[in-house]
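Just so we're aligned, residue 59 is where the sequence shown starts under my numbering, counting upward by one. The next block holds one structure in the form of structure tokens; read it before the comments.
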Amino acid sequence: MCLAHPTRVVELLEGDRARVELDGVIQEVSVALLDDVREGDYVIVHVGFALSRLDPAEAEATLALFARAATTRPAS
Numbered sequence: 059m060c061l062a063h064p065t066r067v068v069e070l071l072e073g074d075r076a077r078v079e080l081d082g083v084i085q086e087v088s089v090a091l092l093d094d095v096r097e098g099d100y101v102i103v104h105v106g107f108a109l110s111r112l113d114p115a116e117a118e119a120t121l122a123l124f125a126r127a128a129t130t131r132p133a134s
């Protein structure tokens, strides 16, 4: 199972590549599968490929949900 997080495009590179950021971690990915990717876009990345673009409001809501889940303790 894969849990995909929205990542924000911080820099477009040559050759259908981009740098994306999540929680301060920056990685280089391929954006060859998407059209018209721009800096500031949110994308879903899996195994080094940006697979889809997200609406900014949806991306922020998803990131907030993940942040809440990370701080929630299981019931004992």
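Glycine is no exception: its CB is placed at the ideal position from the N, C-alpha and C atoms. Small disclaimer: the values here were computed from a predicted structure and weren't measured.
Same chain only: Cβ atoms within 6 Å of residue i, ignoring 5 sequence neighbours per side
| i | result |
| --- | --- |
| arginine 96 | none |
| alanine 108 | Val87, Val89, Leu92 and Val101 |
| valine 68 | Arg77 and Glu79 |
| serine 110 | Ile102 |
Distance between beta carbons of residue j and residue i, contact taken as under 8 Å
| i | j | result |
| --- | --- | --- |
| alanine 78 | arginine 66 | Correcting the residue type first, residue 78 is valine in the shown sequence and not alanine. Right, the Cβ-Cβ distance comes to about 6 Å (below 8 Å), so this counts as a contact. |
| threonine 120 | proline 64 | 5 Å |
Under 8 Å between C-beta atoms of residue i and residue j
| i | j | result |
| --- | --- | --- |
| histidine 104 | alanine 62 | yes |
Selected residue, minimal CA-CA separation from residue i, among the options
| i | options | result |
| --- | --- | --- |
| aspartate 74 | Pro64, Asp94, Leu121 and Glu116 | Asp94 |
| alanine 128 | Asp81, Ser110 and Gln85 | Asp81 |
| proline 114 | Asp99, Leu70, Phe124 and Gly106 | Asp99 |
Contact set for residue i: own chain, Cβ-Cβ below 7 Å, skip 5 residues either direction
| i | result |
| --- | --- |
| glycine 106 | Val87 and Ser88 |
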